[in-house]
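Protein chains: 2
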Amino acid sequence: MTPDLENTAPRTAVQRTTKQREAVREALADTEGFVSAQALHSQLQRAGSTVGLATVYRALGTLAAAGDADTLQSPEGEALYRACSTGHHHHLICRNCGLTVEISADSVESWAQQVAAEHGFTRAAHVVDVFGLCAECSADGRRPVE
Amino acid sequence: MTPDLENTAPRTAVQRTTKQREAVREALADTEGFVSAQALHSQLQRAGSTVGLATVYRALGTLAAAGDADTLQSPEGEALYRACSTGHHHHLICRNCGLTVEISADSVESWAQQVAAEHGFTRAAHVVDVFGLCAECSADGRRPVE
DNA sequence: GTTCTAAATGAGAACGATTGTCAATCTCAC
DNA sequence: GTGAGATTGACAATCGTTCTCATTTAGAAC
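Residue numbers (UniProt numbering), protein chains in the order written: chain S, 1 to 146; chain X, 1 to 146.
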């Protein structure tokens with residue numbers, strides 16, 4: 001039945017809605033700022049869920065691929081995720097307390113496109129994030145760890 | 001003995017010049033584009049050096065800390081290094097063949113500073129890199145691995 | 001040149017994040 | 001309700017990186 005649907009979604013295998021994936025999605029949505037998969041996993045376990053770590057990774061990967069989650073590499077090399085509904089944007093992150101501010105940067109977007117085009121690059125994506133000390137941490141006067 | 005010397009150099013331990021560190025520095029300088037520590041290590045071994053992997057990591061860490069090397073996280077989470085003498089700049093990297101083009105971006109620099117300042121952030125640093133397919137790889141028409 | 005001390009090294013174990021494997025479970029179209 | 005196959009969880013495997021520690025070595029003092 002409805003054989004033309006094949007045309008609509010020929011490549012993507014059917015994706016089922018499972019409690020686990022929903023749990024991950026919600027946990028992510030409830031979290032401010034970026035979290036690592038590991039952190040999200042323990043958070044879920046603390047909340048009584050029995051999701052496995054591998055499942056959390058898979059769910060986050062799926063969310064990120066679908067554009068429902070934002071992902072970036074922390075300076076330590078850990079992958080961080082964040083629920084993301086407002087389309088493409090970048091972040092201003094406090095390296096002391098982790099505070100994250102979403103920033104949109106049209107000028108940077110077009111700059112990236114232009115630079116890529118100038119050099120003949122196609123399918124350009126870009127990584128633009130600003131790390132610093134937020135006002136509060138700056139005021140603390142404490143030097144950051146590093 | 002000479003107790004007042006403690007006053008002269010209390011914190012920085014003496015740094016010795018060793019063949020290994022020099023070898024790493026040179027290998028890095030001879031390399032175009034970004035290399036991973038692992039790649040640099042095998043390259044050194046192929047060249048006959050006996051440096052250990054841990055030493056390569058230590059040397060790269062030192063170079064990066066001293067500002068003599070550039071470092072960034074690849075999307076795969078690997079740390080990449082590059083000799084860097086031309087001050088602050090960013091990169092346009094082909095995700096298929098690894099070709100790297102240095103790009104300077106005054107507009108982005110000032111934008112980052114401004115955005116940080118707007119939100120009260122201090123000591124701002126930023127990560128700005130553009131990934132794409134270089135002209136050649138685009139022409140190949142082959143879809144990238146991912 | 002010889003001696004001495006602490007920095008640096010190398011080998012490999014340890015570590016932490018992530019991915020793969022696979023039998024068991026659960027969703028959903030029928 | 002039933003069945004096919006997507007998804008799961010537990011854990012092993014992998015990969016990049018760091019740590020440990022006995023040994024070597026650079027560089028200052030003699």
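Cβ coordinates follow ideal geometry from the N, Cα and C atoms, glycine included.
One alpha carbon belongs to residue 82/X, the other to residue 50/S, and they sit about 43 Å apart. Between residue 59/X and residue 24/X, the gap from beta carbon to beta carbon is short of 7 Å. Of all residues in the stretch 121-132 of chain S, only 121, 122, 123, 124, 125, 126, 127, 128, 129, 130, 131, 132 come within less than 9 Å of chain X when Cβ atoms are compared, listed by chain position.
The DSSP assignment places complete beta strand (DSSP E) segments of no fewer than 3 residues inside the stretch 58-88 of chain X at 69-73, 79-83, in order along the chain. In this structure, DSSP gives residue 41/S a helical state, which the three-state scheme calls helix. Counting along the chain, residue 133/S sits inside the beta strand (DSSP E) bounded by residues 122-133. When C-alpha distances from residue 136/S are compared across 53/S, 93/S, 111/S, the shortest belongs to 93/S. A distance below 6 Å between beta-carbons, with the five flanking residues on each side excluded, links residue 55/S to the following residues of its chain, in chain order: 20.
If you check the CB distance, residue 90/X and residue 105/X come in under 7 Å.
Apart from sequence neighbours up to five positions away, the residues of its chain that approach residue 29/X with a beta-carbon distance below 8 Å are 83, ordered along the chain. Each of 107/S, 130/S, 112/S was checked against the Cα of residue 117/X, and the nearest Cα belongs to 130/S. Residue-level contact check: residue 135/X touches chain S, since one or more beta carbons of chain S fall below 7 Å from its beta carbon. By DSSP's assignment, residue 101/S forms a beta bridge with 92/S. The C-beta of residue 38/X comes no closer than 7 Å to any C-beta of chain S. Residue contact check for residue 114/S against chain X: no CB pair falls below 7 Å. Residues of chain X with a Cβ closer than 9 Å to the Cβ of residue 44/S do not exist, since the nearest Cβ in that chain sits about 22 Å away.
Annotation for residue 114/X: the continuous alpha helix (DSSP H) segment containing it runs 106-118. DSSP lists 80/S as the bridge partner or partners of residue 36/S. For the C-beta of residue 107/S, the chain X residues within less than 7 Å are, from N- to C-terminus, 107, 111.
Around residue 101/X, the beta-carbon contacts reaching into chain S at under 7 Å are 119. Around the C-beta of residue 77/X, fewer than 16 other C-beta atoms lie within 10 Å, and the residue is accordingly described as exposed.
For the stretch 44-68 of chain S, no residue has a beta-carbon sitting nearer than 9 Å to a beta-carbon of chain X.
The residues 134, in chain order, have a CB closer than 6 Å to that of residue 99/X in the same chain once the five nearest residues on each side in sequence are set aside.
Residue-level contact by beta carbon holds for residue 77/S and chain X, with a gap shorter than 7 Å.
Taking residue 53/X as the centre and dropping the five residues before and after it, the same chain places the C-beta of 37, 38, 41 closer than 8 Å to its C-beta, in chain order. Counting along the chain, residue 25/S sits inside the alpha helix (DSSP H) bounded by residues 19-29. Cα atoms of residue 65/X and residue 64/S: separation of roughly 32 Å, rounded to the nearest angstrom.
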